[in-house]
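>
Residue numbers (our numbering): 415 to 647.
1. For residue 466, is the beta carbon positioned less than 7 angstroms from some heavy atom of the ligand NAP?
2. Could you name the residues that DSSP lists as bridge partners for residue 592?
3. Measuring straight from C-alpha to C-alpha, what distance separates residue 651 and residue 498?
4. Give me whichever residues DSSP pairs with residue 466 in a beta bridge.
5. Of all the options 431, 580 and 621, which has the alpha carbon lying nearest to the alpha carbon of residue 483?
6. Hey, quick one: how far does the beta strand (DSSP E) through residue 479 stretch, first residue to last?
7. So residue 490 is in the alpha helix (DSSP H); what residue range does that whole segment cover?
8. Which whole-angstrom value is the C-beta distance of residue 653 and residue 571, which I expect to be below 8 angstroms?
9. Tell me residue 539's beta-bridge partners as DSSP assigns them.
10. Any idea if residue 556 is buried or exposed, counting beta-carbon neighbours within 10 angstroms, 16 or more meaning buried?
11. On a CA-only basis, which of 467, 514, 500 and 543 is nearest residue 428? Give me that one, please.
12. Taking the alpha helix (DSSP H) that residue 498 falls in, what are its first and last residues?
13. Classify residue 534 as helix, strand or coil using the three-state DSSP reduction.
14. So residue 440 and residue 477 are in contact, right, with Cβ under 8 angstroms, and what is the actual spacing, rounded?
15. Thinking C-beta only, is residue 542 closer than 8 angstroms to residue 508?
16. Among all the DSSP beta bridges, which residues are the ones paired with residue 679?
17. Residue range of the alpha helix (DSSP H) that residue 454 falls in?
18. Nearest CA to the CA of residue 586: which residue from 603, 560, 614 and 469?
19. On the DSSP letters alone, give me the boundaries of the alpha helix (DSSP H) that residue 442 sits inside.
20. Helix, strand or coil: how does DSSP classify residue 565 here?
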């Protein structure tokens with residue numbers, strides 16, 4: 415089994431595309447500052463790592479807003495309250511489908527020497543799909559399975575108030591690359607810390623699906639499990 419190293423040494427020669435899909439639907443109300451802080455802390459950690467890296471960030475509710483479109487990591491501005499606030503419903507399937515299509519188009523129209531060697535696609539949501547009109551579950555699952563098989567894209571799914579592992583499996587995402595988190599400040603912080611560990615591993619050439627991803631998701635899973643148990647006692 416490939417050993418997972420979340421603090422891997424990076425040669426700097428390979429290119430990585432980090433794709434972040436962040437839920438901004440109304441149910442995220444009250445978590446705006448935690449989401450902004452967690453996202454920015456994750457970016458800061460990634461900027462400290464050597465290597466070529468571009469970032470695509472999509473905020474979604476029943477609409478999509480692309481904040482960063484294939485931008486060099488070091489040119490990405492931190493998230494602010496002017497960028498991120500809660501609103502709307504959750505068109506999760508449309509968000510995933512549209513963003514995959516967008517990233518595929520960018521890679522296709524990029525000269526081969528400059529295409530990403532690794533793509534990490536991160537989905538963070540706190541609710542079930544309830545507003546999509548363009549993409550079906552079958553379509554999205556087929557798209558995810560195709561990119562995983564053809565180009566070895568890595569998909570990470572972090573969810574609150576849903577069964578994240580089951581939902582990820584429904585979408586065609588490896589269950590070991592999914593985790594639940596509590597919809598509060600501590601849960602959001604732990605989820606973005608897991609995202610940063612996943613990004614560090616993938617940028618170091620580690621296949622999350624082929625390795626034991628326990629180290630990446632251990633803290634967020636333990637936080638969810640321990641506090642869920644305490645609520646039931």
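All C-beta atoms, glycine included, are put in the ideal place defined by N, C-alpha and C.
Quick look at the numbers:
1. The ligand NAP is absent from the structure shown, which contains no ligand whatsoever.
2. 571
3. Nothing about residue 651 can be read from this structure; the chain reaches only from 415 to 647.
4. 429
5. 431
6. 478-486
7. Here residue 490 belongs to no alpha helix (DSSP H), and DSSP marks it neither H nor E.
8. No information on residue 653 is available, as it lies outside the stretch 415 to 647 that the chain covers here.
9. 573
10. exposed
11. 467
12. Element bounds for residue 498: n/a, residue is neither H nor E.
13. strand
14. Not really, about 12 angstroms apart at Cβ, beyond 8 angstroms.
15. no
16. Residue 679 falls outside the range modelled here, since the chain spans only 415 to 647, and no answer is possible.
17. 446-461
18. 560
19. Here residue 442 belongs to no alpha helix (DSSP H), and DSSP marks it neither H nor E.
20. helix
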